[in-house]
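Residues in the sequence shown are numbered consecutively from 28, following the numbering used here. Built from N, CA and C at the ideal position, the CB exists for glycine as well. Notes follow once the structure below has been shown.
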Amino acid sequence: MIDPAKLKEMVKKALEVPPDVVDTNSFPSLLEQERNNRWERILNVFVVAADLKNSTRLGTGKYINGTVGIYMAATDIGVTLLDDFCPSFIDIQGDGFFGVFHGDKAGQQALAAAMMLAHFSKYQLEPSIRQKLGMECPQTGLKIGVATGRVAVASIGVRDYARPVWAGKPVNWASKCSESASAHQVIATGRAFDHLINTNDYLKQPCYHTNHPKEGFFGNIDGTMWRHVSVPGLPSDVKCVARDVPWCGGHAEGNESAADFCQSVLDGETDRHVSWLRRNGF
28 MIDPAKLKEM VKKALEVPPD VVDTNSFPSL LEQERNNRWE RILNVFVVAA
78 DLKNSTRLGT GKYINGTVGI YMAATDIGVT LLDDFCPSFI DIQGDGFFGV
128 FHGDKAGQQA LAAAMMLAHF SKYQLEPSIR QKLGMECPQT GLKIGVATGR
178 VAVASIGVRD YARPVWAGKP VNWASKCSES ASAHQVIATG RAFDHLINTN
228 DYLKQPCYHT NHPKEGFFGN IDGTMWRHVS VPGLPSDVKC VARDVPWCGG
278 HAEGNESAAD FCQSVLDGET DRHVSWLRRN GF
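As structure tokens, then:
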């Protein structure tokens, strides 16, 4: 056991001897790094975090098979879906996970991933869980958070257990947003809303399908499906927004499906009117 006096000296040294911090335009190869004293600061990333609602109510007693099945369905498949949007890094922590997006299309990839995770949670994950477990299962589903900004990262740990540690707001704030969200809900920081969501029809508007739920639409931020929310644990002056209803599962004549919306965002489209005209030969 390390002597407490030695621990105090180690803390003093860590605080007095600043590590090397290097700005980088490229994403570091984190999985190849060993423990070191070098931090790399990345100036603009988007982070998508997700965790499972009511996971603490899922026991490991007589219903253990159902519990591990839910974890596999939510976390394993959720990470597979997130990976499909090409994040630069993914980590799994308990019943949750997050992805860090970097590059020219980081924002589009992150928001498309967040919206499709919410869509997956509402239209595939929860109905399948309920069909399998019935009333024995608490209300569940993925809760999603999105944040953007700059981060610093280094590998920290001992011997073979060095892992990336993220300093800065995006990872922490995205996690706080996901913790505060309800099942199938996306909560994003105001910066993500102002810089990307509010300028993109596919992200801010409802689907307009006849069977698409409109609850919560009226009273939202003008012309959008988003409303202002407070997120516990974040500074009081940090603006956050929530979308309660994900892209829907229907495909009405002349309208787009969730997959169409997703692809339009990834393609850099922002105007649904122009997209509709193009698809219909005008």
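| query | result |
| --- | --- |
| From Q158, H211, G134, Y150, residue whose alpha carbon lies closest to that of E296 | G134 |
| Which of helix, strand or coil DSSP assigns to F54 | coil |
| Segment contact, 8 Å Cβ cut-off, at least three pairs: the stretch 260–273 with the stretch 210–220 | yes |
| Own chain, CB closer than 8 Å to R218, minus 5 neighbours either side, in chain order | A174, T175, G176 |
| C-alpha distance - G105 paired with M37, whole-angstrom precision | 39 Å |
| Contact check, P273 vs K80, beta carbons under 7 Å | no |
| For T216 and W193, believed in contact at Cβ under 8 Å, the rounded distance | That belief does not hold up - the Cβ atoms of W193 and T216 are roughly 16 Å apart, past 8 Å. |
| For F54, the nearest candidate out of V180, P262, V258 (CA to CA) | V180 |
| Where the beta strand (DSSP E) containing F25 begins and where it ends | Because the chain spans 28 through 309 in this model, residue 25 falls outside it and cannot be assessed. |
| CB contact flag (D50, R68, <7 Å) | yes |
| Local Cβ density within 10 Å of E43, reported as buried at 16 or more and exposed below that | exposed |
| Beta-carbon spacing of K203, G250 below 7 Å | no |
| Whole-angstrom distance between Q166 and I156, CA atom to CA atom | 10 Å |
| W193, enclosing beta strand (DSSP E) - first and last residue | 190–195 |
| Beta strand (DSSP E) segment containing S182, residue limits | 169–183 |
| DSSP three-state assignment for S258, whether helix, strand or coil | The question names Ser, but residue 258 in the sequence shown is Val. The answer is coil: DSSP assigns V258 none of H, G, I, E or B. |
| Assigned exposure category for S291 - 16 Cβ within 10 Å defines buried | buried |
| Of the residues I97, I117, D103, G123, the one placed nearest E206, counting alpha carbons only | G123 |
| DSSP three-state assignment for Q120, whether helix, strand or coil | strand |
| Three-state secondary structure (DSSP) of K89 | Note that K89 has pLDDT 42, beneath the 50 cutoff, so the model's placement of it is unreliable and the number below is only indicative. K89 falls in the coil class under three-state DSSP. |
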